[in-house]
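Visitor:
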Amino acid sequence: MLPTADVFDCQPLTASARNDLLDIAGRAWKGLVENAIASEVYPIDKIVRNTTTGRCATLRRPRDIVNATEGVVAHSRTRATIEQAADFFYLDTPAKAHQFARVMDELVEAKRALYPLVDRPLTDDMVSNETTSSPLDYISVDWMMIKFKKGVPARDLCYLEIHKEFKFSCRITGVTRRGWVRCIHSVRMDCCPDMQKRFGVIRMEIHRVRWTIVRVTNRASRYYKLYFGSPRGAFLGNYFNGLYLKGAMRTSARSVLNLDEHFTTERLKPLLSAPLDMSLANATSCKTCRVAFTWRNPKKLCRACGDPICPQCSSLWGLTLQGSAIKVPLCKRCVGPGLDFDEADALYLIESKDRKQRYSTASSVLSSIRDTYLSIEMSSCDSNESVVSAHNQEILNSIDQQKELLHLLQERLAAIQPAY
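Just so we're aligned: 37 in this note's numbering is position 7 of the sequence shown, and the numbers increase by one with no gaps anywhere.
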(Lines of atoms letter the chains of each structure in order from A and count residues from 1; the text may use other names and numbers.)
(Lines give C-alpha, C1' and ligand atoms only; values in the text may rest on other atoms or scores of the structure.)
Protein backbone atom coordinates (compact mmCIF):
# COMPACT_ATOMS: atom_id res chain seq x y z
CA MET A 1 0.00 0.00 0.00
CA LEU A 2 1.44 3.35 -1.08
CA PRO A 3 1.25 6.39 1.22
CA THR A 4 -1.40 8.88 0.15
CA ALA A 5 -1.01 12.62 -0.34
CA ASP A 6 -2.72 13.45 2.96
CA VAL A 7 0.25 11.96 4.86
CA PHE A 8 2.45 14.93 3.94
CA ASP A 9 1.41 18.12 5.73
CA CYS A 10 3.83 20.59 4.14
CA GLN A 11 3.35 23.87 5.96
CA PRO A 12 5.36 26.88 4.72
CA LEU A 13 8.96 26.88 5.95
CA THR A 14 10.18 29.67 8.17
CA ALA A 15 13.28 31.59 7.12
CA SER A 16 15.22 30.01 9.97
CA ALA A 17 14.19 26.46 9.02
CA ARG A 18 15.09 27.09 5.38
CA ASN A 19 18.52 28.42 6.31
CA ASP A 20 19.12 25.42 8.57
CA LEU A 21 18.31 23.04 5.71
CA LEU A 22 20.65 24.93 3.38
CA ASP A 23 23.44 24.71 5.98
CA ILE A 24 22.89 20.95 6.29
CA ALA A 25 22.94 20.65 2.50
CA GLY A 26 26.23 22.55 2.30
CA ARG A 27 27.93 20.29 4.84
CA ALA A 28 26.48 17.16 3.18
CA TRP A 29 27.72 17.75 -0.36
CA LYS A 30 31.15 18.84 0.86
CA GLY A 31 31.37 15.66 2.93
CA LEU A 32 30.42 13.61 -0.14
CA VAL A 33 33.24 15.17 -2.16
CA GLU A 34 35.70 14.54 0.67
CA ASN A 35 34.56 10.92 0.95
CA ALA A 36 35.01 10.41 -2.79
CA ILE A 37 38.57 11.74 -2.71
CA ALA A 38 39.47 9.93 0.52
CA SER A 39 38.21 6.61 -0.91
CA GLU A 40 41.29 6.47 -3.17
CA VAL A 41 43.36 5.57 -0.10
CA TYR A 42 41.52 2.26 0.41
CA PRO A 43 42.47 -0.94 -1.43
CA ILE A 44 40.42 -2.09 -4.39
CA ASP A 45 37.93 -4.76 -3.36
CA LYS A 46 36.70 -5.75 -6.82
CA ILE A 47 36.98 -4.75 -10.47
CA VAL A 48 33.94 -5.06 -12.73
CA ARG A 49 34.05 -4.74 -16.51
CA ASN A 50 31.32 -3.82 -18.99
CA THR A 51 31.77 -6.21 -21.91
CA THR A 52 30.10 -3.82 -24.35
CA THR A 53 32.13 -0.69 -23.65
CA GLY A 54 35.28 -2.30 -22.25
CA ARG A 55 35.10 0.14 -19.36
CA CYS A 56 36.04 -1.00 -15.84
CA ALA A 57 34.73 0.14 -12.49
CA THR A 58 36.73 -0.26 -9.28
CA LEU A 59 34.91 -1.02 -6.03
CA ARG A 60 36.17 -0.09 -2.59
CA ARG A 61 34.77 -0.25 0.94
CA PRO A 62 35.82 3.02 2.62
CA ARG A 63 34.86 4.60 5.93
CA ASP A 64 32.89 7.80 6.24
CA ILE A 65 35.22 10.62 7.25
CA VAL A 66 32.60 11.97 9.67
CA ASN A 67 31.46 8.94 11.70
CA ALA A 68 33.61 6.05 10.34
CA THR A 69 30.57 4.16 8.99
CA GLU A 70 31.56 1.51 6.45
CA GLY A 71 30.32 2.21 2.95
CA VAL A 72 30.75 1.42 -0.72
CA VAL A 73 32.26 3.48 -3.54
CA ALA A 74 32.33 2.67 -7.25
CA HIS A 75 34.70 4.65 -9.44
CA SER A 76 35.07 4.83 -13.22
CA ARG A 77 35.60 7.23 -16.13
CA THR A 78 33.43 8.48 -18.97
CA ARG A 79 33.65 10.76 -21.99
CA ALA A 80 30.97 13.19 -20.89
CA THR A 81 30.91 16.78 -19.75
CA ILE A 82 29.75 17.98 -16.37
CA GLU A 83 26.85 19.75 -18.08
CA GLN A 84 25.71 16.48 -19.67
CA ALA A 85 25.88 14.65 -16.34
CA ALA A 86 24.02 17.39 -14.48
CA ASP A 87 21.29 17.45 -17.12
CA PHE A 88 20.89 13.67 -16.90
CA PHE A 89 20.29 13.81 -13.13
CA TYR A 90 17.93 16.80 -13.28
CA LEU A 91 14.57 15.04 -13.67
CA ASP A 92 12.28 17.88 -14.70
CA THR A 93 10.21 15.88 -17.24
CA PRO A 94 8.54 12.42 -17.19
CA ALA A 95 10.66 11.37 -20.17
CA LYS A 96 13.91 12.13 -18.31
CA ALA A 97 12.64 10.36 -15.21
CA HIS A 98 11.85 7.25 -17.29
CA GLN A 99 15.27 7.41 -18.94
CA PHE A 100 16.96 7.74 -15.55
CA ALA A 101 15.09 4.73 -14.13
CA ARG A 102 16.01 2.64 -17.19
CA VAL A 103 19.72 3.52 -17.18
CA MET A 104 20.23 3.43 -13.40
CA ASP A 105 17.94 0.42 -12.84
CA GLU A 106 16.34 2.26 -9.93
CA LEU A 107 13.85 0.47 -7.68
CA VAL A 108 11.93 3.63 -6.76
CA GLU A 109 8.24 2.88 -6.22
CA ALA A 110 7.09 6.39 -5.29
CA LYS A 111 8.63 9.83 -5.02
CA ARG A 112 7.39 13.25 -3.96
CA ALA A 113 8.92 16.74 -3.79
CA LEU A 114 8.16 18.39 -0.44
CA TYR A 115 10.02 21.71 -0.38
CA PRO A 116 11.98 23.34 -3.23
CA LEU A 117 14.85 25.30 -1.69
CA VAL A 118 17.11 26.32 -4.61
CA ASP A 119 15.86 25.93 -8.16
CA ARG A 120 17.94 26.12 -11.29
CA PRO A 121 18.18 29.62 -12.77
CA LEU A 122 16.68 30.08 -16.20
CA THR A 123 19.43 30.32 -18.83
CA ASP A 124 19.60 30.13 -22.60
CA ASP A 125 22.20 27.33 -22.46
CA MET A 126 23.95 25.03 -20.01
CA VAL A 127 27.18 27.03 -19.89
CA SER A 128 28.12 28.38 -16.47
CA ASN A 129 28.35 32.15 -16.23
CA GLU A 130 30.93 33.42 -13.75
CA THR A 131 28.88 36.54 -13.01
CA THR A 132 25.67 34.73 -11.99
CA SER A 133 24.67 31.75 -9.91
CA SER A 134 25.50 28.37 -11.35
CA PRO A 135 22.77 26.94 -13.62
CA LEU A 136 23.71 23.46 -12.37
CA ASP A 137 22.71 24.05 -8.72
CA TYR A 138 19.49 22.64 -7.30
CA ILE A 139 18.35 21.80 -3.74
CA SER A 140 15.03 20.40 -2.51
CA VAL A 141 13.52 18.29 0.27
CA ASP A 142 12.07 15.08 -1.19
CA TRP A 143 10.50 11.83 -0.06
CA MET A 144 11.15 8.50 -1.77
CA MET A 145 9.98 4.91 -1.32
CA ILE A 146 12.22 2.03 -2.43
CA LYS A 147 10.95 -1.49 -3.12
CA PHE A 148 12.93 -4.66 -2.47
CA LYS A 149 12.55 -8.32 -3.37
CA LYS A 150 9.49 -10.25 -2.29
CA GLY A 151 9.44 -10.82 1.47
CA VAL A 152 11.56 -7.75 2.33
CA PRO A 153 9.63 -4.70 3.58
CA ALA A 154 9.91 -1.53 1.53
CA ARG A 155 12.04 1.36 2.78
CA ASP A 156 11.42 5.07 2.55
CA LEU A 157 13.51 8.15 3.28
CA CYS A 158 13.05 11.86 3.67
CA TYR A 159 16.11 13.56 2.25
CA LEU A 160 17.78 16.58 0.76
CA GLU A 161 18.32 16.33 -3.01
CA ILE A 162 21.42 18.44 -3.69
CA HIS A 163 22.97 19.32 -7.06
CA LYS A 164 26.05 21.49 -6.73
CA GLU A 165 28.85 22.70 -8.98
CA PHE A 166 32.22 23.26 -7.30
CA LYS A 167 35.93 23.68 -7.89
CA PHE A 168 38.37 21.25 -6.38
CA SER A 169 41.84 22.52 -5.50
CA CYS A 170 44.72 20.42 -4.23
CA ARG A 171 47.16 22.43 -2.13
CA ILE A 172 49.91 19.90 -2.79
CA THR A 173 49.81 19.91 -6.59
CA GLY A 174 48.11 23.26 -7.14
CA VAL A 175 45.74 21.73 -9.71
CA THR A 176 42.19 23.10 -9.80
CA ARG A 177 39.39 21.16 -11.51
CA ARG A 178 35.68 21.67 -11.97
CA GLY A 179 33.30 19.23 -10.39
CA TRP A 180 29.63 18.59 -9.90
CA VAL A 181 27.90 16.55 -7.22
CA ARG A 182 24.49 14.99 -6.78
CA CYS A 183 24.13 14.34 -3.07
CA ILE A 184 21.34 12.67 -1.06
CA HIS A 185 21.29 13.26 2.69
CA SER A 186 18.57 12.16 5.11
CA VAL A 187 16.75 14.80 7.17
CA ARG A 188 13.90 14.63 9.66
CA MET A 189 10.88 16.76 8.84
CA ASP A 190 7.59 17.15 10.70
CA CYS A 191 5.73 17.03 7.39
CA CYS A 192 7.07 13.53 6.66
CA PRO A 193 6.33 11.29 9.67
CA ASP A 194 7.44 7.68 10.14
CA MET A 195 5.14 5.39 8.12
CA GLN A 196 5.98 1.96 9.52
CA LYS A 197 2.87 1.51 11.69
CA ARG A 198 0.43 2.79 9.07
CA PHE A 199 1.92 1.50 5.81
CA GLY A 200 4.57 -1.04 6.88
CA VAL A 201 7.37 1.05 5.37
CA ILE A 202 10.66 1.20 7.30
CA ARG A 203 12.39 4.57 7.43
CA MET A 204 16.05 4.27 6.36
CA GLU A 205 18.80 6.86 6.69
CA ILE A 206 21.63 7.64 4.32
CA HIS A 207 24.26 10.33 4.66
CA ARG A 208 26.44 12.09 2.07
CA VAL A 209 25.79 9.56 -0.71
CA ARG A 210 25.40 9.28 -4.47
CA TRP A 211 27.41 10.88 -7.27
CA THR A 212 30.54 13.03 -7.54
CA ILE A 213 31.85 13.93 -10.99
CA VAL A 214 35.24 15.61 -11.46
CA ARG A 215 36.41 16.94 -14.81
CA VAL A 216 39.87 15.57 -15.64
CA THR A 217 40.41 16.71 -19.25
CA ASN A 218 38.37 18.42 -21.94
CA ARG A 219 37.14 15.01 -23.09
CA ALA A 220 36.91 12.87 -19.98
CA SER A 221 35.55 12.93 -16.43
CA ARG A 222 36.05 10.73 -13.39
CA TYR A 223 32.97 9.90 -11.41
CA TYR A 224 32.19 8.17 -8.13
CA LYS A 225 29.05 6.68 -6.67
CA LEU A 226 29.08 6.37 -2.87
CA TYR A 227 26.77 4.83 -0.29
CA PHE A 228 26.89 5.33 3.48
CA GLY A 229 23.85 4.62 5.61
CA SER A 230 21.60 2.16 7.41
CA PRO A 231 18.54 0.44 5.94
CA ARG A 232 17.49 -0.48 9.50
CA GLY A 233 16.69 -4.18 9.40
CA ALA A 234 14.03 -4.78 12.04
CA PHE A 235 14.62 -8.52 12.51
CA LEU A 236 18.11 -9.29 11.20
CA GLY A 237 19.68 -6.06 12.46
CA ASN A 238 23.33 -5.63 11.50
CA TYR A 239 23.24 -8.83 9.42
CA PHE A 240 20.68 -7.24 7.10
CA ASN A 241 22.76 -4.07 6.97
CA GLY A 242 25.72 -6.17 5.79
CA LEU A 243 23.61 -7.87 3.12
CA TYR A 244 22.34 -4.49 1.98
CA LEU A 245 25.92 -3.21 1.75
CA LYS A 246 26.85 -6.12 -0.52
CA GLY A 247 23.82 -5.38 -2.67
CA ALA A 248 24.80 -1.72 -2.78
CA MET A 249 28.22 -2.75 -4.10
CA ARG A 250 26.65 -4.70 -6.98
CA THR A 251 24.15 -1.99 -7.89
CA SER A 252 26.81 0.73 -7.67
CA ALA A 253 29.07 -1.11 -10.11
CA ARG A 254 26.18 -1.70 -12.48
CA SER A 255 24.95 1.89 -12.37
CA VAL A 256 28.35 3.55 -12.97
CA LEU A 257 29.00 1.30 -15.98
CA ASN A 258 25.46 1.78 -17.28
CA LEU A 259 25.89 5.54 -17.04
CA ASP A 260 29.06 5.44 -19.13
CA GLU A 261 27.33 3.21 -21.70
CA HIS A 262 24.41 5.65 -21.86
CA PHE A 263 26.66 8.65 -22.47
CA THR A 264 28.64 6.71 -25.08
CA THR A 265 25.45 5.68 -26.89
CA GLU A 266 24.16 9.25 -26.98
CA ARG A 267 27.53 10.47 -28.27
CA LEU A 268 27.66 7.86 -31.04
CA LYS A 269 24.13 8.24 -32.39
CA PRO A 270 24.95 11.35 -34.52
CA LEU A 271 27.99 9.54 -35.99
CA LEU A 272 25.87 6.59 -37.08
CA SER A 273 23.50 8.78 -39.08
CA ALA A 274 26.28 9.55 -41.60
CA PRO A 275 27.06 7.14 -44.49
CA LEU A 276 29.66 4.46 -43.77
CA ASP A 277 33.18 5.37 -44.95
CA MET A 278 34.31 2.53 -47.27
CA SER A 279 37.75 3.94 -48.16
CA LEU A 280 39.54 1.33 -46.02
CA ALA A 281 37.34 -1.62 -46.93
CA ASN A 282 40.25 -3.40 -48.67
CA ALA A 283 42.68 -3.18 -45.72
CA THR A 284 44.50 -6.40 -44.86
CA SER A 285 45.18 -5.78 -41.17
CA CYS A 286 43.45 -4.32 -38.12
CA LYS A 287 44.12 -0.62 -37.75
CA THR A 288 44.17 -0.91 -33.96
CA CYS A 289 46.38 -3.94 -33.24
CA ARG A 290 47.95 -4.42 -36.73
CA VAL A 291 47.09 -8.15 -36.76
CA ALA A 292 46.43 -9.53 -40.25
CA PHE A 293 42.89 -10.53 -41.16
CA THR A 294 42.25 -14.25 -41.67
CA TRP A 295 39.23 -16.53 -41.70
CA ARG A 296 39.79 -16.96 -37.97
CA ASN A 297 40.27 -13.24 -37.50
CA PRO A 298 37.63 -11.72 -39.78
CA LYS A 299 37.53 -8.08 -40.79
CA LYS A 300 34.90 -5.64 -39.65
CA LEU A 301 34.40 -1.96 -40.37
CA CYS A 302 33.64 0.42 -37.54
CA ARG A 303 30.19 1.83 -38.22
CA ALA A 304 31.16 5.23 -36.82
CA CYS A 305 34.56 5.95 -38.46
CA GLY A 306 34.98 3.18 -41.07
CA ASP A 307 38.29 1.85 -39.69
CA PRO A 308 39.04 -1.85 -40.33
CA ILE A 309 39.01 -3.73 -37.02
CA CYS A 310 39.27 -7.30 -35.80
CA PRO A 311 36.84 -8.92 -33.31
CA GLN A 312 39.28 -8.35 -30.43
CA CYS A 313 39.42 -4.60 -31.09
CA SER A 314 35.69 -4.08 -31.56
CA SER A 315 32.47 -4.38 -29.63
CA LEU A 316 28.97 -5.05 -30.90
CA TRP A 317 26.50 -2.35 -29.87
CA GLY A 318 22.75 -2.65 -29.88
CA LEU A 319 21.23 0.73 -30.77
CA THR A 320 17.80 2.05 -31.67
CA LEU A 321 17.90 4.25 -34.77
CA GLN A 322 14.78 5.59 -36.45
CA GLY A 323 12.64 3.19 -34.44
CA SER A 324 14.59 0.07 -35.43
CA ALA A 325 16.87 -1.98 -33.17
CA ILE A 326 20.21 -2.73 -34.85
CA LYS A 327 23.62 -4.08 -33.83
CA VAL A 328 26.74 -2.42 -35.21
CA PRO A 329 30.50 -2.98 -34.67
CA LEU A 330 32.40 -0.08 -33.14
CA CYS A 331 36.13 0.36 -32.57
CA LYS A 332 37.72 1.17 -29.22
CA ARG A 333 38.71 4.67 -30.32
CA CYS A 334 35.09 5.64 -31.07
CA VAL A 335 33.71 3.99 -27.96
CA GLY A 336 36.29 5.73 -25.80
CA PRO A 337 39.33 4.81 -23.71
CA GLY A 338 38.67 1.89 -21.38
CA LEU A 339 40.62 -0.21 -18.95
CA ASP A 340 41.70 -3.47 -20.56
CA PHE A 341 41.80 -6.80 -18.74
CA ASP A 342 45.59 -6.71 -18.36
CA GLU A 343 45.52 -3.24 -16.84
CA ALA A 344 42.67 -4.18 -14.51
CA ASP A 345 44.47 -7.31 -13.35
CA ALA A 346 47.67 -5.33 -12.79
CA LEU A 347 45.83 -2.72 -10.74
CA TYR A 348 44.17 -5.43 -8.70
CA LEU A 349 47.52 -7.10 -7.99
CA ILE A 350 49.12 -3.82 -7.02
CA GLU A 351 46.26 -2.88 -4.70
CA SER A 352 45.95 -6.37 -3.18
CA LYS A 353 49.66 -6.89 -2.61
CA ASP A 354 49.73 -4.98 0.66
CA ARG A 355 46.03 -5.21 1.48
CA LYS A 356 46.69 -6.64 4.98
CA GLN A 357 49.37 -4.08 5.77
CA ARG A 358 47.35 -0.94 5.12
CA TYR A 359 44.93 0.65 7.54
CA SER A 360 44.06 -2.14 9.92
CA THR A 361 41.59 0.05 11.83
CA ALA A 362 39.18 2.79 10.85
CA SER A 363 40.78 5.24 13.28
CA SER A 364 44.16 4.95 11.57
CA VAL A 365 42.57 5.67 8.21
CA LEU A 366 40.69 8.72 9.41
CA SER A 367 43.67 10.16 11.28
CA SER A 368 45.95 9.66 8.28
CA ILE A 369 43.42 11.31 5.97
CA ARG A 370 43.56 14.45 8.09
CA ASP A 371 47.34 14.77 7.85
CA THR A 372 47.31 17.07 4.82
CA TYR A 373 44.90 19.59 3.42
CA LEU A 374 42.74 20.03 0.36
CA SER A 375 40.31 22.84 -0.32
CA ILE A 376 36.96 22.86 -2.04
CA GLU A 377 36.13 26.18 -3.65
CA MET A 378 32.50 27.15 -4.12
CA SER A 379 31.10 27.97 -7.53
CA SER A 380 30.57 31.64 -8.32
CA CYS A 381 27.38 31.95 -6.29
CA ASP A 382 29.24 30.91 -3.11
CA SER A 383 32.60 32.50 -3.91
CA ASN A 384 32.81 34.15 -0.49
CA GLU A 385 32.71 30.80 1.29
CA SER A 386 35.53 28.26 1.55
CA VAL A 387 36.15 25.02 3.34
CA VAL A 388 39.41 23.32 4.24
CA SER A 389 39.09 19.55 4.36
CA ALA A 390 41.61 17.03 5.56
CA HIS A 391 43.10 14.48 3.23
CA ASN A 392 46.05 12.17 2.94
CA GLN A 393 49.13 12.87 0.88
CA GLU A 394 49.43 9.15 0.28
CA ILE A 395 46.61 9.47 -2.24
CA LEU A 396 48.95 11.28 -4.62
CA ASN A 397 51.98 9.15 -3.79
CA SER A 398 50.11 5.86 -4.15
CA ILE A 399 48.63 6.89 -7.50
CA ASP A 400 52.09 7.73 -8.83
CA GLN A 401 53.52 4.49 -7.46
CA GLN A 402 50.71 2.49 -9.04
CA LYS A 403 51.33 4.08 -12.42
CA GLU A 404 55.06 3.33 -12.23
CA LEU A 405 54.44 -0.27 -11.18
CA LEU A 406 51.82 -0.68 -13.90
CA HIS A 407 54.15 0.57 -16.64
CA LEU A 408 56.94 -1.68 -15.32
CA LEU A 409 54.62 -4.67 -15.24
CA GLN A 410 53.40 -4.01 -18.78
CA GLU A 411 56.96 -3.76 -20.08
CA ARG A 412 57.90 -7.08 -18.48
CA LEU A 413 54.76 -8.78 -19.81
CA ALA A 414 55.48 -7.47 -23.30
CA ALA A 415 59.01 -8.94 -23.12
CA ILE A 416 57.74 -12.43 -22.29
CA GLN A 417 57.37 -14.61 -25.38
CA PRO A 418 54.54 -17.16 -25.52
CA ALA A 419 55.66 -20.72 -24.73
CA TYR A 420 53.74 -22.26 -27.65
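Backbone N, C-alpha and C define an ideal beta-carbon position, used for all residues, glycine too.
Are GLY209 and GLU191 touching if we call contact CB-CB under 9 Å?
Guide: Result no, Cβ atoms of GLY209 and GLU191 do not sit closer than 9 Å.
Visitor: Any idea if MET308 is buried or exposed, counting beta-carbon neighbours within 10 angstroms, 16 or more meaning buried?
Guide: Exposed: under 16 other Cβ atoms inside 10 Å.
Visitor: Distance check for MET279 and THR314, CA to CA, integer angstroms please.
Guide: Each residue's alpha carbon lies about 44 Å from the other.
Visitor: Rank THR281, ILE356, CYS343 by C-alpha distance to the C-alpha of CYS316 and give the top, closest one.
Guide: Among THR281, ILE356, CYS343, the Cα nearest to that of CYS316 belongs to CYS343.
Visitor: Inspect the CB distances between the region 353-361 and the region 325-339 and report whether three or more fall short of 8 Å.
Guide: Yes: at least three Cβ pairs fall under 8 Å.
Visitor: So, helix, strand or coil for MET219, using DSSP?
Guide: Of the three classes helix, strand and coil, the one that applies to MET219 here is coil, per DSSP.
Visitor: Within the same chain, show all residues whose beta-carbon is closer than 8 Å to that of THR294, passing over the 5 residues directly before and after it, in chain order.
Guide: So the list reads THR83, THR108, ARG109, VAL365, GLY366, once near-sequence residues are dropped.
Visitor: Give every residue of the same chain whose Cβ lies closer than 7 Å to the Cβ of PHE322, excluding the five residues on either side of it in the sequence, and list them in chain order.
Guide: With the sequence shown as reference, residue 322 is identified as Ala, and Phe is not the correct amino acid for it. Excluding positions up to five away in sequence, the list reads THR314, SER315.
Visitor: Whose C-beta lies closer than 8 Å to the C-beta of LEU349 among residues of the same chain, with five residues either side of it excluded?
Guide: Hits under 8 Å: THR295, LEU298, LYS299, LEU302, ALA355, ILE356, LYS357, VAL358.
Visitor: Distance check for ARG185 and TYR145, CA to CA, integer angstroms please.
Guide: Distance between the alpha carbons of TYR145 and ARG185: 21 Å.
Visitor: If you draw a straight line from the alpha carbon of ARG240 to that of LYS329, how long is it in whole angstroms?
Guide: Their Cα atoms are separated by approximately 42 Å.
Visitor: Provide the residue span of the alpha helix (DSSP H) that contains PRO124, from first to last.
Guide: Element bounds for PRO124: 124-134.
Visitor: Going by DSSP, what residues sit across from ARG245 in a beta bridge?
Guide: Partner(s): SER251.
Visitor: For ASP412, which residues from the same chain have a beta carbon less than 6 Å from its beta carbon, with the 5 sequence-adjacent residues on both sides left out?
Guide: Note that ASP412 has pLDDT 46, beneath the 50 cutoff, so the model's placement of it is unreliable and the number below is only indicative. For ASP412, where only same-chain residues beyond five positions count, there are no Cβ hits under 6 Å.
Visitor: Taking the straight line between their C-alpha atoms, what separation do you get for VAL63 and ALA87?
Guide: Straight-line Cα distance between these residues: approximately 18 Å.
Visitor: Let's test the definition: count the other Cβ atoms within 10 Å of the Cβ of HIS105 and tell me whether it reaches 16, buried, or not, exposed.
Guide: Buried is the call here.
Visitor: Taking ILE74 as part of the alpha helix (DSSP H), name the residues at either end of that continuous run.
Guide: Looking at the DSSP string, ILE74 is not in any alpha helix (DSSP H), and its letter there is neither H nor E.
Visitor: For the alpha helix (DSSP H) that ARG85 lies in, which residues bound it at each end?
Guide: Taken as a continuous stretch (DSSP letters only), ARG85 belongs to no alpha helix (DSSP H), as it is neither H nor E.
Visitor: Can you tell me whether ARG326 is buried or exposed? The criterion is at least 16 other CB atoms within 10 Å of its CB, across all chains shown.
Guide: When all chains shown are included, ARG326 counts as exposed.
Visitor: Please report the residue range of the beta strand (DSSP E) in which SER303 lies.
Guide: Where SER303 is concerned, there is no enclosing beta strand (DSSP E), given that its DSSP letter is neither H nor E.
Visitor: Kindly give me the distance between the Cβ atoms of VAL102 and TYR254, rounded to whole angstroms, as I take these residues to be in contact under 8 Å.
Guide: VAL102 to TYR254, Cβ: 11 Å. No contact.
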